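Undergrad: Mapping of the sequence shown onto this note's numbering: residues 13 to 342, in sequence order.
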Amino acid sequence: MIFRSAKASDPLASEITPHSVYLNRRQFMGQTAALALAAAASDASALVARDKPADMGPQWLREQIAAAKSAPAGDDAPAPYSSITNYNNFYEFGYDKDDPARYAGKMKADPWSVRIEGECEVKGTYALEDLLKGIDLEERIYRLRCVEAWSMVIPWIGFSLSDLIKRCKPLSSAKYVEFISLADKDQMPGVRSAFSTIDWPYREGLRMDEAMHPLTMLAVGLYGEVLPNQNGAPIRLVVPWKYGFKSAKSIVAIRFSEQMPKTTWSQIAPQEYGFYANVNPAVDHPRWSQASERRLPSGLFSPNRIDTRLFNGYDEVASLYSGMDVRRFY
Ligand code: MTE
């Protein structure tokens with residue numbers, strides 16, 4: 013994985029959208045408002061909607077997202093929309109942080125279908141709309157900690173992966189769940205590049221109990237809107253206590269398996285990236301410390317460096333790993 017230090021183009025701390033402003037906007041959405049209310053809503057949304065393309069995604073998904081339950085107010089202020097959507101890792105579109113925003117726009121995320129395969133009763137290829145039918149979406153504000161030692165707070169819209177897994181009726185032999193991303197040479201410059209070191213498609217996986225944990229989600233939206241392509245449209249995994257590379261984007265297949273799946277980064281550099289990839293300040297990457305992180309937005313004069321927390325602060329997952337040697341199973 014490429015590691016880069018702060019660039020002049022990194023967003024500044026002063027760009028942070030106050031959490032209260034964002035929550036106000038969510039409360040306003042969907043209300044047939046009196047004039048005063050409408051004016052206030054548009055003021056608030058102007059702060060977060062900068063650079064946000066209008067009318068992204070299909071109508072049915074926009075409606076489902078608009079009905080999502082808002083997240084309760086928390087301590088973490090979400091990063092501005094512009095930071096979340098312009099500083100990305102999506103190597104199918106290139107290795108620079110701004111490549112995904114530059115090149116992913118043309119990816120066709122609608123119509124989209126997902127293959128369900130492997131050790132489960134309900135298999136097949138399903139249109140995303142059918143897959144999401146009857147699923148109540150909700151907003152969740154999660155910290156995302158990248159293995160490169162930067163982090164962001166992101167207001168996702170999505171649902172628990174466990175809701176989908178239950179519908180697939182996994183067999184008792186299903187011990188792991190694998191996630192396979194789109195790899196399309198025609199749409200993705202990184203996939204057709206002769207210099208790419210990745211064996212496409214991008215693959216990730218979770219142990220079944222990790223996949224079923226209520227924190228593990230599939231996201232289809234961001235900041236109350238359809239997920240932009242650079243963030244993994246139309247559907248991506250989010251596992252907030254693991255390094256960001258576990259959260260596979262633009263998923264085209266979900267496979268239940270008995271064996272631990274071979275995942276992209278653990279294949280490329282097994283001494284650097286393990287299958288578990290739990291955020292852990294005590295287990296350094298061989299080439300850099302994981303004790304702290306740069307919380308974005310940050311800048312040269314406001315580095316915004318904070319201590320990294322075990323499991324990214326999501327202590328409720330600790331019991332999944334009790335008795336496990338986390339240094340060996342990193
Ligand atoms: N998924 C795919 N298909 N391709 C990728 O390159 N990068 C991963 C993960 N999911 C990646 C991916 C990494 S390294 C990180 S840190 C997160 O996506 C970044 O998500 P974000 O760009 O939405 O912040």
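Backbone N, C-alpha and C fix where the C-beta goes; we use that ideal spot for every residue, glycine too. Source: prediction; values computed, not measured.
Does the segment 237 to 244 touch the segment 288 to 302, meaning 3 or more C-beta pairs lie closer than 8 Å?
TA: no
Undergrad: Using the Cα positions of I376 and K145, report the straight-line distance between them to the nearest angstrom.
TA: The structure shown does not extend to residue 376, since the chain is modelled only from 13 to 342, so the question has no answer here.
Undergrad: Can you list, in chain order, the residues of its chain whose CB lies under 7 Å from that of E131, leaving out five sequence neighbours each side?
TA: Translated into positions along the sequence shown, residue 131 becomes position 119. These residues qualify, in order along the chain: P182, L183, S185, A186, F268, S269 and E270.
Undergrad: In its own chain, which residues sit with a C-beta less than 8 Å from the C-beta of V126, not counting the 5 before and 5 after it?
TA: Locating residue 126 in the sequence shown gives position 114, counting from the first residue. For V126, where only same-chain residues beyond five positions count, the Cβ hits under 8 Å are T137, Y138, L140, L143, I247, I263, V264, A265 and I266.
Undergrad: Which of helix, strand or coil does DSSP assign to D319?
TA: Position 307 of the sequence shown holds residue 319. Looking at D319 - three-state DSSP - the assignment turns out to be strand.
Undergrad: Thinking just about the alpha-carbon of each residue, which of F105, K109, E237 and Y115 is nearest to the one in I169?
TA: Taking the sequence shown and counting its residues from 1, one reaches residue 169 at position 157. The shortest Cα separation from I169 among F105, K109, E237 and Y115 belongs to E237.
Undergrad: Could you work out which residue in R114, C180 and D67 is closest to I128 when comparing CA atoms only?
TA: Along the sequence shown, one-based indexing puts residue 128 at 116. Measuring from the Cα of I128, the nearest candidate turns out to be C180.
Undergrad: Considering only DSSP beta bridges, list what I210 is partnered with.
TA: As a position in the sequence shown, residue 210 is number 198, starting the count at 1. Paired residue(s): none; I210 is not in a bridge.
Undergrad: Among H297, D319, P298 and L194, whose alpha-carbon lies nearest the alpha-carbon of R306?
TA: Residue mapping note: residue 306 aligns to position 294 of the sequence shown, counting from 1. Answer by Cα proximity: D319.
Undergrad: Spatial neighbours of P70 within its chain, please: C-beta separation below 6 Å, excluding the five flanking residues on both sides.
TA: By one-based count along the sequence shown, residue 70 stands at place 58. D122.
Undergrad: Smallest Cα separation from L73: which of V250, R157, G286 and I147?
TA: One-based indexing of the sequence shown puts residue 73 at position 61. Cα-wise, what sits closest to L73 is I147.
Undergrad: Using a threshold of 6 Å, is the CB atom of F313 nearer than that to any non-hydrogen atom of the ligand MTE?
TA: Residue 313 sits at position 301 when you count from the first residue of the sequence shown. No.
Undergrad: Are there 16 or more other CB atoms within 10 angstroms of the CB of P309, so buried, or fewer, so exposed?
TA: For the purposes of this step, residue 309 is taken as the residue at position 297 of the sequence shown. Buried is the call here.
Undergrad: State the DSSP-derived secondary structure class of A260, mapped to helix, strand or coil.
TA: Residue mapping note: residue 260 aligns to position 248 of the sequence shown, counting from 1. Coil, per DSSP.
Undergrad: Between C158 and the rest of its own chain, which residues show a CB-CB distance below 6 Å, the 5 nearest in sequence each way excluded?
TA: The residue labelled residue 158 in the question sits at position 146 within the sequence shown. Cβ within range, chain order: G256.
Undergrad: Is it true that the segment 220 to 233 meets the segment 193 to 203, where meeting means three or more beta-carbon pairs spaced less than 8 Å apart?
TA: no
Undergrad: Between N241 and the ligand MTE, is the CB less than 6 Å from at least one heavy atom?
TA: For the purposes of this step, residue 241 is identified with residue 229 of the sequence shown, where counting begins at 1. Checking the Cβ of N241 against the ligand MTE gives no.
Undergrad: By alpha-carbon positions, which one of F341, D175 and G335 ends up nearest to P282?
TA: Along the sequence shown, one-based indexing puts residue 282 at 270. Checked all of F341, D175 and G335; the closest Cα to P282 is F341.
Undergrad: Can C180 be considered in contact with the ligand MTE, in the sense that its beta carbon sits closer than 6 Å to one or more heavy atoms?
TA: Taking the first residue of the sequence shown as 1, we reach residue 180 at position 168. The answer is no for C180.
Undergrad: For Y93 versus K109, is the C-beta spacing smaller than 7 Å?
TA: Position 81 of the sequence shown, counted from the first residue, corresponds to residue 93. Position 97 of the sequence shown, counted from the first residue, corresponds to residue 109. No, Cβ-Cβ distance for Y93 and K109 is not below 7 Å.
Undergrad: Closest to S174 by C-alpha separation, out of G233, V251 and G117, would be which residue?
TA: Taking the sequence shown and counting its residues from 1, one reaches residue 174 at position 162. Among G233, V251 and G117, the Cα nearest to that of S174 belongs to V251.
Undergrad: Just to confirm the assignment, what range does the beta strand (DSSP E) spanning L156 have?
TA: Here residue 156 refers to the residue found at position 144 when the sequence shown is read from its first residue. Note, L156: beta strand (DSSP E), E150 to R157.
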